[in-house]
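Everything in the sequence shown is counted per the working numbering, starting at 1 for the first residue and increasing by one. Cβ atoms here follow ideal geometry from the backbone N, Cα and C, with glycine treated the same way. Below is one structure; the comments refer to it alone.
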Amino acid sequence: MQTRVFAEEPDGVRLLMSSMANGQLYQMINRICEDLSSGECRRLLYLCGSLDTDRCGSAHVREVLNSWLSRGQVDQLYLVELLFRLRRFDLLKKEFHISKQEVDGILGQNRALSEYRVLMSDVSEDMGTEDLESLKFLLSGSLSRERLTRVKVKASFRHLTFYLITDKPDLIMS
Numbered sequence: 001m002q003t004r005v006f007a008e009e010p011d012g013v014r015l016l017m018s019s020m021a022n023g024q025l026y027q028m029i030n031r032i033c034e035d036l037s038s039g040e041c042r043r044l045l046y047l048c049g050s051l052d053t054d055r056c057g058s059a060h061v062r063e064v065l066n067s068w069l070s071r072g073q074v075d076q077l078y079l080v081e082l083l084f085r086l087r088r089f090d091l092l093k094k095e096f097h098i099s100k101q102e103v104d105g106i107l108g109q110n111r112a113l114s115e116y117r118v119l120m121s122d123v124s125e126d127m128g129t130e131d132l133e134s135l136k137f138l139l140s141g142s143l144s145r146e147r148l149t150r151v152k153v154k155a156s157f158r159h160l161t162f163y164l165i166t167d168k169p170d171l172i173m174s
């Protein structure tokens, strides 16, 4: 059975500590990947900053996360935030024995994921087909016809691919 490890900060915020051995994290990654859909795998890879989101199966996600774990780029907090952003509160409870509210408190102080990618991922989850068409129209002067065509082909992946293709913060800021 997994146990939660917290450290009490002076301001009362409890922080999740990365005290699990790598072997435990490898096993946890394997169990988590088994429960993810292909859309969740694609979104997870995007949130991690991976450029290879075309291969979006759970085996590829497992390979990527295990590789990053071996290089010290993934820890317990990183996995908690990924599951939180994927809205997989069932896996947070099952694997980490932690609630959504507790994760909210933890992430208030410590974030492992890019805020930009989290924002783009959340927007893509909430965006409907009509919204996507409007956004494509607005960006048609800035994007090539090829990129706009690719958006049409891959729109079934909940529009996340649109952000993968147009992932240009400077374009959005201007």
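- Non-local beta-carbon contacts of G57 in its own chain, meaning distances under 8 Å to residues more than five positions away in sequence, involve S38, C41 in chain order.
- Residue environment analysis places R111 among the exposed positions, since fewer than 16 neighbouring C-beta atoms fall within 10 angstroms of its C-beta.
- As the crow flies, the alpha-carbon of F89 is around 20 Å from that of M120.
- In this structure, L91 sits away from I29, with a CB-CB distance that is not shorter than 9 Å.
- In the pairwise beta carbon analysis, the region 94-113 is classified as touching the region 70-84: at least three pairs are separated by under 8 Å.
- Under the 10 Å beta carbon count, Y116 is surrounded by fewer than 16 other beta carbons and is classified as exposed.
- Of V80, S134, D131, the smallest CA-CA separation from G105 is found for V80.
- For C56, no alpha helix (DSSP H) encloses it, and the DSSP letter there is neither H nor E.
- If you compare the alpha carbons of L47, G23, Y26 with that of E125, the shortest gap goes to L47.
- Per DSSP, G72 lies in no alpha helix (DSSP H) segment and is marked neither H nor E.
- Between R55 and R145, the alpha-carbon positions lie close to 24 Å from each other.
- Just so you know, the alpha carbons of Q27 and V103 end up roughly 21 Å apart.
- Excluding its 5 nearest sequence neighbours in each direction, L83 has C-beta neighbours in its own chain below 6 Å: L91, L92, listed in chain order.
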